[in-house]
Amino acid sequence: MALNKLRSYRHKVLTESLVDDVDFTSRSTSVPTEYLFKILVIGELGTGKTSIIKRYVHRFFSQHYRATIGVDFALKSIDWDSNTVVRLQLWDIAGQERFGNMTRVYYKDALGAFIVFDVTRPATFDAVVKWKQDLDAKVSLEDGTPIPCVLLANKCDQTKEGMVNSVAKMDEFCKENMFSAWYETSAKENVNIDDAAKTLVSQILKYTAQYKPTYLKSKGQVILNSVMSSEDKKNNCSC
Ligand SMILES: Nc1nc2c(ncn2[C@@H]2O[C@H](COP(=O)(O)OP(=O)(O)O)[C@@H](O)[C@H]2O)c(=O)[nH]1
Ligand SMILES: [Mg+2]
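Counting from 1, one number per residue, gives the positions in the sequence shown under full-length UniProt numbering.
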């Protein structure tokens, strides 16, 4: 498998260099493996993508609506188990939704995604298939299968409209459209966001467990920077 196609990053933390007089052989078993996963958060404008990220990463919610232009990043670190640390780079499309298709560069190297809709606005659910098709057309796993994607039915603290009221129909919809799972979430009331993230991460770990990636974390930073290339800025420009 070509290294340049590998989309997971794993490295040992070099904590040893910070400590004098340490027997390295006795410490080596306690050094956790770190993973860095790029996760996309996509869906229609105003569905709560930024609010979900803020709630998940900063444990914070605000009614204040602020649509930014560009791409926001947030980093969430999870102590997955005693041997594993997972770092999620959450990519928030931050107002680009109204320009239609996201560029390929934005999706590049993502290993997982959340697609968000607003349970009070059925039109945002109608757009979910479009988002999923766009995602699957632009990024896939090494074996060609879609990247793990969890559907978030957000604002469940409010009255739900449309198909989201039928669990059976939603389950069927997710199966047909190859979602790993779906959750009713509320960024406002902090409902199910941690659980949805755990499901997504466990799906990704299942996939990455097949490989022994040798990339350093610094490679991940290169990919992070590449999204701000001049070509990408030009393609996304609103003026
Ligand atoms: N009631 C409620 N409002 C929410 C929830 N999540 C987001 N909002 C509100 O919906 C609006 C749009 O949220 P935002 O995160 O900016 O959406 P984005 O455009 O998808 O990033 C804001 O006024 C939020 O306060 C939620 O779970 N419940
Ligand atoms: Mg936003």
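We put the CB at the ideal spot given by N, CA and C, even for glycine.
Assigned secondary structure, residue i (DSSP; H/G/I helix, E/B strand, else coil)
i	result
residue 143	coil
residue 115	strand
residue 77	strand
residue 156	coil
residue 176	helix
residue 45	coil
residue 92	strand
residue 187	coil
residue 7	Residue confidence for residue 7 is low, a pLDDT of 40 falling below 50, so the modelled location carries little weight and cannot support an answer.
residue 82	coil
residue 38	strand
residue 129	helix
residue 209	coil
residue 120	coil
Of the listed residues the options, nearest to residue i (C-alpha basis)
i	options	result
residue 102	32, 133, 55	133
residue 38	77, 158, 162	77
residue 189	128, 31, 56, 166	56
residue 96	165, 71, 115	71
residue 126	89, 143, 50, 164	164
residue 179	143, 166, 115, 159	115
residue 104	88, 94, 137, 31	137
residue 49	187, 203, 145	187
residue 128	144, 150, 198, 167	150
Spatial distance of residue i from residue j (CA atoms)
i	j	result
residue 130	residue 205	26 angstroms
residue 182	residue 170	8 angstroms
residue 86	residue 74	14 angstroms
residue 208	residue 200	13 angstroms
residue 61	residue 106	26 angstroms
residue 175	residue 90	25 angstroms
residue 58	residue 108	26 angstroms
residue 213	residue 167	Low confidence applies here, because residue 213 scores a pLDDT of 47, under 50, leaving its location unreliable; read the following figure in that light. Cα-Cα distance, rounded: 38 angstroms.
residue 135	residue 177	12 angstroms
residue 31	residue 202	21 angstroms
residue 63	residue 143	42 angstroms
residue 81	residue 173	32 angstroms
residue 94	residue 198	23 angstroms
Cβ shell of residue i (< 7 angstroms), same chain only, five flanking positions each side left out
i	result
residue 185	52, 152, 153, 154, 156, 191, 192, 193, 196
residue 147	110, 111, 112, 113, 139, 140, 141
residue 46	118
residue 122	161, 162
Residue i beta carbon near ligand 3 (any heavy atom closer than 7 angstroms)
i	result
residue 113	Ligand 3 is not part of this structure, which contains only ligand 1 and ligand 2.
Within 8 angstroms, strictly: CB atoms of residue i and residue j
i	j	result
residue 120	residue 83	no
residue 92	residue 41	yes
Same chain, Cβ closer than 6 angstroms to residue i, five either side skipped, listed in chain order
i	result
residue 124	44, 47, 117, 118
residue 158	120
residue 54	60
residue 145	none
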